[in-house]
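Using the working numbering, read the sequence shown as starting at 27 and increasing by one per residue.
Below is one structure, written out as structure tokens; the observations come after it.
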Amino acid sequence: MQTAADAGDAAARLAAVPAGHRVALVDPRFVGHVHALRLGLTDPRFPAAAVPGALTAQPEARGALMRALRRATAAVGAGAPVAGPDADAAPEDRTVPGRIAVALEAEGTAVKRPELGSLTAAVPTDAGARAAAESARDQVDDEAVRLRSAVKAHDGFFTTYGISPYSRYIARWCARRGLTPNQVTTASLITALIAAGAAATGTRGGYVAAGILLLVSFVLDCTDGQLARYSLQYSTMGAWLDATFDRAKEYAYYAGLAIGAVRGGDDVWTLALGAMVLQACRHVVDFSFNEANHDAVANTSPTAALSDKLDSVGWTVWARRMIVLPIGERWAMIAVLTALTTPRVVFYALLVGCSLAACYTTAGRLLRSLTRKARRTDRAARALADLADSGPLAQGVAAVAPGLRGGFTAPLVALLGALVMIGAALFLPYGSWLTVAAAAVYALLSGLAVARPLKGALDWLVPPFFRAGEYVTILVLAARSDVPHAVPAAFGLVSAVAYHHYDTVYRIRGGTGAPPQWLVRTIGGHEGRTALVAVLAAVLTHTSGFTTALTALAAAVALVVLVESIRFWVSSSAPAVHDEGELA
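Right, here's the structure in full:
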């Protein structure tokens, strides 16, 4: 920490700091909580941030900071103070850091101003104001606020009342011992994998241990995010781990339950894959709807207004959050049922619960979409096109086909394609080349659905219909093959493809765009993979070669998407984000 006499001295001292370091300006008269400064000066997600009396700049914003300081020095003269009376400026903008923050924003550099709530951050100009600021600071427990703010504001009921009251203290314990959120995330994954291994034993003791370990894994899963918020340790690697490990844990646990059931004489692999498919399709509905309405103009509806009214009635908020079976409630249900019942009962409960939740959330979103008058932006249309995951076949059709007219045409065509494909897989003789013909129709209809920008009221349904078409087709063909281990191989293939789709979502959320087109082309797009599985079923009918082919395809897709994903998330271009949403 160094003290500067004026703006010119500050500029000179900042210029001497190595280029790769963060720098900060703090008014020496600052009075406030340490956590207020921590929120303003240490969050790695923003190039520049400010609280009253303090300003920070990451390396990418230091050039703009130096230019603003030099302009201030030139305006007032070397040795003269920058701050002075300005009736038009807010009190916090009359300080040197405040005026520099305004100058940065005028130049086009975004300055994050975090919400401080009950925390104090002020620059008093006289003894009375200083005494008032110190009194306000002393009346608020800085550490209590920090602990409360470590917990998500919109978690589920079980997480809020069953986990967070004590997991926040575990997060503080970890912070004081130098543990990082990534280490806690990894511990959560390892615990879940051990739980899956315990479930795979197929014994009652193993099931009880698995249920307990799954709950411990969830506690750690909550702790890693709370630790990140408590210590402001947001990172690119943390974003990637947090975005993918929840799915890896849940899918591994499903596989463990299926293996344990087989050891007990009950094959539930089809149910396990069905639960995974349903959960993945639920998520893509969430993602697509949110992206379609992320920045829509005039985005209001009577349904949304009713929801806002219900939010004022406390019990309805919790009831609606529990109905959607968020991750906390879902994992608690899985853990308890694993310990007390059988894997088959666990999967039946998952399928019923997730189906009801999907019906509830999708119905609400349909009503909102049909009753609101909103214009979708080009960004929303691009995000939906990326989520569609169209490969070379669909893109080729879209390039030559005229855009279909009609507000609901795109989702109807996508739905028709999915129904044709799933219906063929279900009702045609297994291994029939007519199923391959249906896959060709599916590819054609998929291309027609995305031939124009997806800006219609219900166009957010297009990606979910494609996910259902691909995932359910793989499930049905594997289940009908009567080939040993075909469904576990299909489970691996859907897991690899689902990883690619989740990875696409989190890249879009981070503002960096979808994975590169070469990756989508390499793994075939949803319609290409669906057609390939249909061909494999026709060529390798009722032979073990079908299992081998599905396994090889799963390994190939997993290798390509994981290598490219890891390369991206550890690169400097990846966003330093932390997901604050509650994923159902």
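All C-beta atoms, glycine included, are put in the ideal place defined by N, C-alpha and C.
Helix, strand or coil at residue i according to DSSP, with G and I counted as helix
i: E186; result: Note that residue 186 is Thr in the sequence shown here, rather than Glu. T186 falls in the helix class under three-state DSSP.
i: K178; result: coil
i: V108; result: Reliability of the predicted coordinates at V108 is poor, the pLDDT of 46 falling under 50, and no value is obtained from them.
i: L205; result: coil
i: T399; result: Looking at the sequence itself, residue 399 is Lys, so the reference to Thr does not match. DSSP places K399 in coil when its eight states are reduced to three.
i: K138; result: strand
i: A424; result: helix
i: A235; result: helix
i: T574; result: helix
i: A623; result: Nothing about residue 623 can be reported from this structure: the residues present for the chain run from 27 to 610 only.
i: A162; result: helix
i: L81; result: strand
i: A76; result: strand
i: G143; result: coil
i: V49; result: strand
i: A226; result: coil
i: V57; result: strand
i: A30; result: coil
i: A42; result: coil
i: A451; result: helix
Cβ-Cβ distance between residue i and residue j below 7 Å
i: D415; j: G537; result: no
i: F373; j: L297; result: yes
i: V149; j: G66; result: no
i: S395; j: A475; result: no
i: K618; j: F244; result: Because the chain is modelled from 27 through 610, residue 618 falls outside the range shown and cannot be assessed.
i: A464; j: V439; result: no
i: A287; j: L376; result: no
i: L299; j: F517; result: yes
i: A515; j: L576; result: yes
i: A197; j: Y256; result: yes
i: E553; j: A420; result: yes
i: P85; j: G46; result: yes
i: L410; j: G443; result: no
i: D611; j: H59; result: Nothing in the structure corresponds to residue 611, since the chain is present only between 27 and 610.
i: V303; j: L501; result: yes
i: R547; j: P418; result: yes
Best match in the options for proximity to residue i [C-alpha to C-alpha]
i: D404; options: I353, P479, V372, T270; result: P479
i: H180; options: M27, S190, R593; result: S190
i: P207; options: L253, R230, Y386; result: L253
i: R156; options: L267, V587, C200, V57; result: V57
i: L267; options: D529, M27, A375, V310; result: D529
i: R408; options: A269, H320, G433; result: H320
i: A127; options: T82, D164, P70, A451; result: T82
i: G291; options: T229, A494, R356, G300; result: T229
i: A62; options: G134, R39, T146; result: T146
i: P545; options: V509, R506, R593, T573; result: The residue you asked about is not Pro; residue 545 is Leu in the sequence shown. The shortest C-alpha separation from L545 is found at R593.
i: D508; options: F572, A522, Y468, A450; result: F572
i: D293; options: L382, R370, L519; result: R370
i: L585; options: Y525, I220, V311; result: Y525
i: T368; options: V242, A284, A162; result: A284
Nonlocal neighbours in the same chain, by C-beta distance under 7 Å from residue i, ignoring five residues either side
i: P44; result: none
i: A37; result: M92, L95, R96, T99
i: P437; result: L484, D485, L487, V488, F491
i: A540; result: D412, T530, R533, I534
i: S193; result: V245, C248, T249, Q252
i: T185; result: C248, G354
i: A427; result: G473, L474, A477
i: R39; result: Q28, A30
Rounded separation between residue i and residue j - CA only
i: R273; j: G282; result: 14 Å
i: V596; j: V587; result: 14 Å
i: A560; j: L503; result: 8 Å
i: L566; j: L579; result: 14 Å
i: T212; j: L258; result: 18 Å
i: A389; j: R555; result: 30 Å
i: T569; j: A225; result: 30 Å
i: E317; j: R391; result: 13 Å
i: D35; j: A158; result: 31 Å
i: Y279; j: A451; result: 28 Å
i: A581; j: Q543; result: 20 Å
i: A87; j: K481; result: 35 Å
i: Y277; j: G89; result: 46 Å
Same chain only: Cβ atoms within 6 Å of residue i, ignoring 5 sequence neighbours per side
i: A564; result: G457, W459, V462
i: G188; result: none
i: V52; result: A80
Beta-carbon proximity list for residue i, same chain, < 8 Å, skipping 5 on both sides
i: C307; result: A384, P490, R493, A494, Y497
i: G379; result: L351, R356, M359
i: A365; result: Y233, V234, A236, G237, I238
i: E590; result: P541, P542, L545
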